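What follows is a single structure, written as structure tokens, with notes after it.
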Amino acid sequence: MPIRVQLDESRDVCEEVIDKLVKIGLQRYGLSPKYGGVQIGSAVEYVAVCEELARGDSGLATEMTCPEWLFGPAMRARNKAVLEKLMVPFCSDQRHTACFALTEPAGGCNGEDPTQHGMTMRTTARLDGNEWVINGSKRWPGGAGIADVYGILCTTDPSLGVDGVALIYVPNGLPGLTFGKPENKMGMRFSDVNADVYLDSVRVPKEYRLAGPGEDWKLFRAALSWGRLSSAGFAIGNAQAVLEIVIDYTANRFYKGKAVREHTLQAAMIADMAIGIESARAYYLSVASMFDRGNEFGDPGDHYLMGKASGAKVYACDVAEMVCNRAMELMGAYGYSKEYHVEKYLRDFKIIQLWEGGGQLGRLEAAMGYYPIT
Ligand SMILES: Cc1cc2nc3c(=O)[nH]c(=O)nc-3n(C[C@H](O)[C@H](O)[C@H](O)COP(=O)(O)OP(=O)(O)OC[C@H]3O[C@@H](n4cnc5c(N)ncnc54)[C@H](O)[C@@H]3O)c2cc1C
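Adding 620 to a residue's 1-based position in the sequence shown gives its number in the numbering used here.
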């Protein structure tokens, strides 16, 4: 926490902290114990960990949880080749970076939107003997250029719809795999490294495809649903940090002889921030507990739980936005200054609201939890 703003100034600082997080086992968190990973106790526990990490820095939270996000589908599919050859190094005490590349230059929401059935995906994979040959490009994924393993969402044939969708694991260093320059962003400037990924006839073994026609899509949707649920935790981690800063600051700033936070007007604003945070947290935890009871609520990738996870993310992000804006009003110029860190959280939380479908696709999926939309 004391160096949270320096994380925004250099990758070296981020790597120092990441190395320590790796040492305490976070890189292994969520990976199968059979391969040296650390079992997640429950979805409730997992999202609480996401919130707490993001209370410090969302980029670090992203990097630390990306191995589980990337290899989660392979663990569910029991893809031995991917787990044994590509996941095992992530179960060590050495820093490894994962990258899950869904977004394409033509749009991030296209691949995620279930009503497009994977038909608008432009990155393709063609089977040639015992190898997939991948062509296309991805935009924005976290870890691009520095990651050791890439999950590439692509299609074997767009006309096949969801049966054509393939998730293929690609180790770094293969001929034809190149990257653009790191993007210059508003927040998470060094703790989440984003760049273009170019694939020019990249060849990987056949068994690095996740599971097969239809199955890859289902497992991808489940991973997306987990991603949205954890994003709700990330957003509330940011909001919680801001609330703590505001409560401290307004105790020591006075007008008319009384601390700012003791005036009724400001106390009501702080109360609304706290109520928003606690209700958004209760919402995402209740969805997480549904993830933990698959027999009752189904698969996280099905419309019902996808709707709930998307709704929890949309709501948590709206709350984080309200909390950051109110914090600035309560703190005046000091909220806007780098010294008090509120501006960092405002910049960081914003992309959580935008990624993985943004508020619009998130709302659409929340509605689809109740009725079909084509
Ligand atoms: C810091 C950062 C980290 C990122 N990390 C990753 C990552 O790890 N992996 C990855 O693959 N990508 C990542 N992204 C990309 C991010 O997920 C996309 O930017 C996001 O999904 C939105 O896609 P887009 O920017 O292409 O917007 P578009 O898809 O072009 O959307 C533009 C607008 O149209 C709306 N819209 C578009 N299509 C639909 C639809 N079908 N239904 C409803 N509304 C729609 C959107 O909500 C938005 O309002 C990251 C981006 C950043 C900046």
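For glycine and all other residues, C-beta sits at the position ideal for the given N, C-alpha and C. None of the values given here were measured: they were computed from a predicted structure.
Open item on the list: Check whether the region 971-979 and the region 884-895 touch, using three or more Cβ-Cβ pairs below 8 Å as the test.
Closed with: Too few Cβ pairs lie closer than 8 Å, so no.
Task: Contained alpha helix (DSSP H) runs [length at least 4] in the region 689-743, N- to C-terminal order - done: With a minimum length of 4 residues, the continuous alpha helix (DSSP H) runs that stay inside the region 689-743 are 729-732.
Task: Buried versus exposed, by CB contacts within 10 Å (16 or more), Gln860 - done: Buried, since its Cβ has 16 or more Cβ neighbours within 10 Å.
Open item on the list: For ligand 1, is there any heavy atom lying closer than 7 Å to the beta carbon of Gly941?
Closed with: Looking at the sequence provided, one finds Glu at residue 941 rather than Gly. Checking the Cβ of Glu941 against ligand 1 gives no.
Open item on the list: Taking contact to mean 3 or more Cβ pairs, one atom from each stretch, closer than 8 Å, check whether the region 800-817 and the region 755-770 are in contact.
Closed with: A contact exists between the region 800-817 and the region 755-770.
Open item on the list: To test your reading of the DSSP string, which unbroken alpha helix (DSSP H) runs of 4 or more residues are found completely within the region 892-971?
Closed with: Runs of the alpha helix (DSSP H) spanning 4 or more residues and lying entirely within the region 892-971 occur at 914-917, 923-951, 953-956, in chain order.
- [ ] Would you mind stating whether Tyr649 and Val658 have Cβ atoms separated by less than 8 Å?
- [x] Cβ distance < 8 Å, so Tyr649 and Val658 count as in contact.
Open item on the list: Is the separation between the beta-carbon of Glu683 and that of Ile638 shorter than 8 Å?
Closed with: Yes, they are a contact pair.
- [ ] Identify every run of the beta strand (DSSP E) within the region 750-807, keeping only runs that are complete inside it and at least 3 residues long; order them along the chain.
- [x] For the region 750-807, the continuous beta strand (DSSP E) assignments of 3+ residues that do not extend past its boundaries occur at 751-758, 769-775, 785-791, 797-799, in sequence order.
Task: Residue range of the unbroken beta strand (DSSP E) whose run includes Tyr818 - done: Start and end: 817-825.
Task: Residues near Gly731 in its chain [Cβ-Cβ closer than 6 Å; skip 5 each side] - done: For Gly731, where only same-chain residues beyond five positions count, the Cβ hits under 6 Å are Leu722, Met741, Leu773.
TODO: Assign Tyr956 to one of two classes, buried (16 or more other C-beta atoms within 10 Å of its C-beta) or exposed (fewer than that).
DONE: By the neighbour-count rule (16 or more Cβ atoms within 10 Å), Tyr956 is not buried but exposed.
- [ ] With hydrogens ignored, establish whether the beta-carbon of Gln980 is closer than 7 Å to any heavy atom of ligand 1.
- [x] Checking the Cβ of Gln980 against ligand 1 gives yes.
Open item on the list: Please tell me whether, using a cut-off of 7 Å, the distance from the CB of Leu722 to the nearest non-hydrogen atom of ligand 2 is below it.
Closed with: Absence of ligand 2 from the depicted structure is noted, with ligand 1 being the only ligands included.
Task: Cβ-based burial, Asp820 [other Cβ within 10 Å; buried from 16] - done: Residue environment for Asp820: exposed (fewer than 16 other C-beta atoms within 10 angstroms of its C-beta).
Open item on the list: For Gly857, which residues in the same chain have their Cβ closer than 6 Å to its Cβ, ignoring the five residues on either side in sequence?
Closed with: For Gly857, same chain residues with a beta-carbon under 6 Å away, outside a window of 5 residues either side, are Glu671, Ala674, Arg675 in chain order.
Task: Pro802: CB within 7 Å of a non-hydrogen atom of ligand 1 - done: No, the beta carbon of Pro802 sits no closer than 7 Å to any heavy atom of ligand 1.
TODO: Specify the secondary structure class of Tyr828 as computed by DSSP and reduced to three states.
DONE: Three-state DSSP puts Tyr828 in a helix.
Open item on the list: Checking 8 Å against the spacing of the C-beta atoms, do Ser678 and Phe810 come in under that value?
Closed with: No; because the gap between Cβ atoms is not below 8 Å, this pair is not in contact.
- [ ] Kindly examine ligand 1 and report whether one of its heavy atoms sits closer than 7 Å to the Cβ of Met808.
- [x] Yes, the beta carbon of Met808 sits closer than 7 Å to at least one heavy atom of ligand 1.
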